[in-house]
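Visitor: Top line first, the protein sequences correspond to chains C and E.
Residue 1 is where the first sequence starts when you use this note's numbering, and the numbers rise one by one after that.
Residue 1 is where the second sequence starts when you use this note's numbering, and the numbers rise one by one after that.
C-beta atoms are modelled at their ideal positions from N, C-alpha and C, and glycine is treated no differently.
Here the structure is a predicted model, which is why all the values come from computation and not from measurement.
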Amino acid sequence: MLRIACPHCGTRDHTEFTYGGDATVKRPPADAPMASWYEAVYLRSNPRGVHEELWQHTQGCRAWIVVHRDTLTHEILETRLPQAARGNT
Amino acid sequence: MKYSIASLARNALSQHANWPQAWRSPDPKPSYDVIIVGGGGHGLATAYYLARNHGITNVAVLEKGWLGGGNTGRNTTIVRSNYLLEGNAHFYEWSLKLWHGLSADLNYNVMFSPRGVLNLAHSDAQRDAAMRRGNAMRLNGIDAEWLGLDQVRREVPLLDCSDQQRYPIVGGLMQRRGGIARHDAVAWGYARAADARGVDILQNCEVTGFRLERGRVLGVETSRGYIGAGKVGLAVAGHSSHVAAMAGLRLPIETHVLQAFVSEPVKPVLDTVVTYGAGHFYVSQSDKGELVMGGDLDFYNSYAQRGNFAAVEHALVGGLQLFPWLRRLRLMRLWGGVMDMTMDGSPIISKTPIEGFYIDGGWCYGGFKATPGSGWVFAHTIANDAPHRLNEAFALDRFARGAVVDEKGAGPSPKDH
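#1: Determine the direct distance from the alpha carbon of W19 (chain E) to that of D416 (chain E), and round the result to whole angstroms.
#2: Does I253 (chain E) get closer than 8 Å to chain C when you measure Cβ to Cβ?
#3: Quick one: which chain C residues come within Cβ less than 9 Å of H242 (chain E)?
#4: Along chain E, which residues have their Cβ under 9 Å away from the Cβ of E53 (chain C)?
#5: Roughly how many angstroms lie between the CA atoms of L158 (chain E) and G289 (chain E), to the nearest whole one?
#6: Entirely within the region 119-156 of chain E and at least 4 residues each: give me those alpha helix (DSSP H) ranges in chain order.
#7: Per DSSP, which one or two residues make a beta bridge with L173 (chain E)?
#8: Output yes or no for whether 8 Å exceeds the beta carbon distance between G178 (chain E) and G233 (chain E).
#9: What does a CB cutoff of less than 6 Å around D200 (chain E) pick up in its chain, not counting 5 residues either side in sequence?
#10: Applying the 10 Å Cβ sphere with the 16-neighbour rule, what's the burial state of N46 (chain C)?
#11: Taking the straight line between their C-alpha atoms, what separation do you get for F368 (chain E) and C9 (chain C)?
#12: With DSSP as the reference, label W64 (chain C) as helix, strand or coil.
#13: If you draw a straight line from the C-alpha of E52 (chain C) to the C-alpha of A63 (chain C), how long is it?
#14: Please report whether the beta-carbon of L77 (chain C) lies at a distance below 8 Å from any beta-carbon of chain E.
#15: Mind listing the chain C neighbours of R224 (chain E)? Cutoff is C-beta to C-beta under 8 Å, in chain order.
#16: Check each residue of the region 168-183 of chain E: if its Cβ is closer than 7 Å to any Cβ of chain C, include it; give the result in chain order.
#17: Indicate whether at least one CB of chain C lies closer than 8 Å to the CB of N53 (chain E).
#18: Between A181 (chain E) and S113 (chain E), is the Cβ-Cβ spacing less than 8 Å?
#19: Find the residues of chain C that neighbour M343 (chain E), judging by a C-beta separation of less than 7 Å, and give them in chain order.
#20: Just confirm the distance between the C-beta atoms of A12 (chain E) and T71 (chain C), as a whole number of angstroms; I'd bet it's less than 8 Å.
#21: Quick one: using the 10 Å Cβ neighbour count with 16 as the cut-off for buried, is N88 (chain C) buried or exposed?
#22: On the DSSP bridge list, what partners appear for T11 (chain C)?
#23: From E:G279, E:V274, E:A260 and E:S284, pick the residue whose C-alpha is nearest to that of K267 (chain E); which is it?
#24: Using 8 Å for Cβ pairs, my map puts A51 (chain E) next to A194 (chain E). What's the rounded Cβ distance?
#25: For Y38 (chain C), report the span of its alpha helix (DSSP H) as first-last.
#26: Exposed or buried, what is F210 (chain E) when buried is set at 16 or more other beta-carbons lying within 10 Å of its beta-carbon?
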């Protein structure tokens, strides 16, 4: 079991969460060229190592959180709210 | 040496001490016409068909570990071609046809057993969907048969067909020409047959980079030194993103871990492949008597080749619905393999923006059954620098063109395919 430290609820089993994929994907502006949309919708870095990813605490506070996790060892290195990254907590 | 009853008898006389090695372990040459990265079923099949179908024998297969030590040795060995969509149906059907003659072609017993694959349905909607798929298959010239509940009960007597289940079975879609094969033997059979035609198989040879010049591939950096190459083909599914990144490519793929498990061996209880429709669970019985089972992904990016018990429990809950007696068995082994999960659930067998650089990957849950067909069309793609008509739909640029092949209709969410 992965144990994810939810900033609101504390450390919980990953089965309480729903995986949301790569957290570094940026939604392009609506008038961005098709190539930007292709990249955002389809292309992923898919690293073998530290991955910045989204999880939603669907069976807890329902907040989306950002997790830094090593995809080779499953070690969780950091957990935070998405807002923290933008510096507007 | 040809394997036959005569060679078996001859070697029996010398206590089986004089069987020759099945393939050589040569040192790398300075360069090859074609280098295939990845010594699993797909890479070895590609090398074999390059030699057999296209006369290209100056070929090396590079494997970082041992042959078939990745997903070829980790899958649940199911072979089928029961697909709905045009782009998939003909490709997998060609692969299934190759399975039916494979042991004779390779002179190696891959123990292919066409014992049928039964997809169970548990609701009116699932019955409609199964019949629609079955009809699409038959229109494509592929065998499909709807089995009503009584017939399911007759054919799989130990299945719980009662109406006391949470999701009672209403019937199932059977493909009788599908079945299972011996996964390791597929890698070994292709390796031996490719080696016999002059292909160099280089194990413990990890690719660490690619040498590119003006958009063209020149060769491969490896743990055994630099090797020049006219063309390079990747067959490293699970690690496609990782290896392609060494050539500067980003792919529409996420890597996820999928687990499989076997029970202790028991007497024959199940003579077909059965899949659960109300959850995700599939099971067959191996020749050794073990029940070979699998279910869903763990649902998070992983290269770890091991997963969590939550996914095992989820799969086995489905298994117990079908076969309540499973609870009396102990699991003997469980393991994980890492899957290239693509954005539409279909594979990528394609040219790339780099000249002379080709990719065969994105196999999601379903690479094993595709092994012969994949090798066949990937060899064609490399030899002719153009796709075979059976893999035109699997081009890498299909995502940018909006021409996805989304069998499940799940959209660009890799874990949901």
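Guide: Quick answer:
#1: When rounded, the distance between both Cα atoms is 47 Å.
#2: It does; some Cβ of chain C falls within 8 Å.
#3: By Cβ distance, chain C contributes N46, P47 and R48.
#4: In chain order: Y300 and N301.
#5: Straight-line measurement puts the Cα of G289 (chain E) at about 15 Å from the Cα of L158 (chain E).
#6: Within the region 119-156 of chain E, the complete alpha helix (DSSP H) runs of at least 4 residues are 124-139 and 149-155.
#7: According to DSSP, which records beta bridges pairwise, L173 (chain E) is partnered with E:N119 and E:W146.
#8: For G178 (chain E) and G233 (chain E), no; Cβs fall outside 8 Å.
#9: The answer, listed in chain order, is P26 and A60.
#10: Residue burial is scored here from C-beta neighbours: N46 (chain C) has at least 16 other C-beta atoms within 10 angstroms and is therefore classed as buried.
#11: In this structure, the CA atom of F368 (chain E) is about 42 Å from the CA atom of C9 (chain C).
#12: Here W64 (chain C) sits in strand by DSSP.
#13: Taking the straight line from one Cα to the other gives about 16 Å.
#14: Not an interface residue.
#15: Those do not exist, as R224 (chain E) stays about 21 Å from chain C at its closest Cβ, beyond 8 Å.
#16: Those would be none; no residue qualifies.
#17: So no, N53 (chain E) is outside the interface.
#18: Remark: C-beta atoms of A181 (chain E) and S113 (chain E) approach each other more closely than 8 Å.
#19: Going along chain C in sequence order, the residues near M343 (chain E) (Cβ under 7 Å) are Y42.
#20: With a beta-carbon spacing of about 50 Å, A12 (chain E) and T71 (chain C) fall beyond the 8 Å limit used to define contacts.
#21: Residue placement at N88 (chain C) cannot be trusted, given a pLDDT of 46 that sits under 50; what the coordinates show is reported in the next sentence. Its Cβ having fewer than 16 others within 10 Å, N88 (chain C) is exposed.
#22: For T11 (chain C), which the question treats as bridged, DSSP gives the partners C:A5.
#23: Proximity to K267 (chain E) across E:G279, E:V274, E:A260 and E:S284 peaks at E:S284, based on C-alpha coordinates.
#24: Right, the Cβ-Cβ distance comes to about 6 Å (below 8 Å), so this counts as a contact.
#25: First-last of the alpha helix (DSSP H) with Y38 (chain C): M34 to Y42.
#26: Result: buried.
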